[in-house]
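Engineer:
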Amino acid sequence: MSLSVEFHRIVALDCHKVVSEMITRIQGLILLLLLAALAACESRGEGGSAVQMTQQLSAPDSTLPIQSRDARIGPMDLIEISVFGAPDLDDTYQIDFEGNLKMPLIGSVQAAGYTAAALAETLEARLQEKYLQNADVTVRITEAR
5 MSLSVEFHRI
15 VALDCHKVVS
25 EMITRIQGLI
35 LLLLLAALAA
45 CESRGEGGSA
55 VQMTQQLSAP
65 DSTLPIQSRD
75 ARIGPMDLIE
85 ISVFGAPDLD
95 DTYQIDFEGN
105 LKMPLIGSVQ
115 AAGYTAAALA
125 ETLEARLQEK
135 YLQNADVTVR
145 ITEAR
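Per this note's numbering, residue 5 is the first one in the sequence shown, and the count goes up by one each step.
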């Protein structure tokens, strides 16, 4: 056999081997993808399918209280305060057991019994006394205890 024919035979065998290995790898990859797709379709037991679970999570809970403008701040409540132009004062604060808010620059302020809007007005007045002109304060009750 000539050297040229032998070379072509070896190259052909090597190409066949490479193609065969590629086909085996592709088949393995396809099998893996099919298994992953089947696992994604699996039922979630009592919770139902992923679509049903999403629908359940999307439905609003009518038993949750809606924060009204008349909601009063109480001891141990968490409130979020934002002061326009003074980001160092923006924070979540907890009202203490006596119903007081302790805030930088202002000190202690009676907060229990106030609505969020009324407390915001009080804080604006205290800040305008010494620190800020035209203070703009927003108060939001984040967690009532």
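By construction, the Cβ of each residue, glycine as well, lies at the ideal position given by its N, Cα and C atoms.
For Leu82, which residues in the same chain have their Cβ closer than 7 Å to its Cβ, ignoring the five residues on either side in sequence?
Structural biologist: Working through the sequence shown from its first residue, we reach residue 82 at position 78. These residues qualify, in order along the chain: Thr96, Gln98, Thr146 and Glu147.
Engineer: Hey, could you find the ends of the alpha helix (DSSP H) Thr126 is sitting in?
Structural biologist: Walking along the sequence shown from the start, residue 126 turns up at place 122. Its alpha helix (DSSP H) spans residues Ala120 to Lys134.
Engineer: Run through the region 67-110 for me and flag every whole beta strand (DSSP E) of 3 or more residues, listed as ranges in chain order.
Structural biologist: Complete beta strand (DSSP E) runs here, min 3: 82-87, 95-98 and 104-107.
Engineer: Could you spell out the range, first to last residue, of the beta strand (DSSP E) harbouring Arg144?
Structural biologist: Looking up residue 144 in the sequence shown gives position 140. Where Arg144 is concerned, the enclosing beta strand (DSSP E) stretches over Val141 to Glu147.
Engineer: Do you know offhand how far Gly111's Cα is from Pro91's?
Structural biologist: Translated into positions along the sequence shown, residue 111 becomes position 107. Translated into positions along the sequence shown, residue 91 becomes position 87. Cα-Cα distance, rounded: 17 Å.
Engineer: For the ligand ATP, any of its heavy atoms closer than 7 Å to the Cβ of Asp92?
Structural biologist: The ligand ATP is not among the ligands present in this structure, which contains no ligands whatsoever.
Engineer: Assuming Ala150 contacts Asn104 under a Cβ cut-off of 8 Å, what Cβ separation, rounded to an integer in Å, is found between them?
Structural biologist: The structure shown does not extend to residue 150, since the chain is modelled only from 5 through 149, so no value can be given for it.
Engineer: Give me the residue from Lys134, Tyr135, Met107 and Val22 with the minimum Cα distance to Leu123.
Structural biologist: Counted from its first residue, the sequence shown places residue 123 at position 119. Looking at the Cα atoms, Met107 is the closest of the given residues.
Engineer: Is Gln137 helix, strand or coil by DSSP?
Structural biologist: Translated into positions along the sequence shown, residue 137 becomes position 133. Correct three-state label for Gln137: coil.
Engineer: Starting from the C-beta of Leu131, find all residues in its chain whose C-beta is less than 6 Å away, skip the five residues before and the five after it, and write them out in chain order.
Structural biologist: In the sequence shown, residue 131 corresponds to position 127, counting from 1. So the list reads Ala139, once near-sequence residues are dropped.
Engineer: Give me the Cα-Cα distance between Cys45 and Ile34, rounded to the nearest whole angstrom.
Structural biologist: Taking the first residue of the sequence shown as 1, we reach residue 45 at position 41. Taking the first residue of the sequence shown as 1, we reach residue 34 at position 30. Near 17 Å, if we compare the C-alpha coordinates of Ile34 and Cys45.
Engineer: With C-beta atoms as the reference, is Tyr135 less than 8 Å away from Thr126?
Structural biologist: Start at 1 with the first residue of the sequence shown, and residue 135 comes out as number 131. Start at 1 with the first residue of the sequence shown, and residue 126 comes out as number 122. In this structure, Thr126 does not lie closer than 8 Å to Tyr135 by Cβ.
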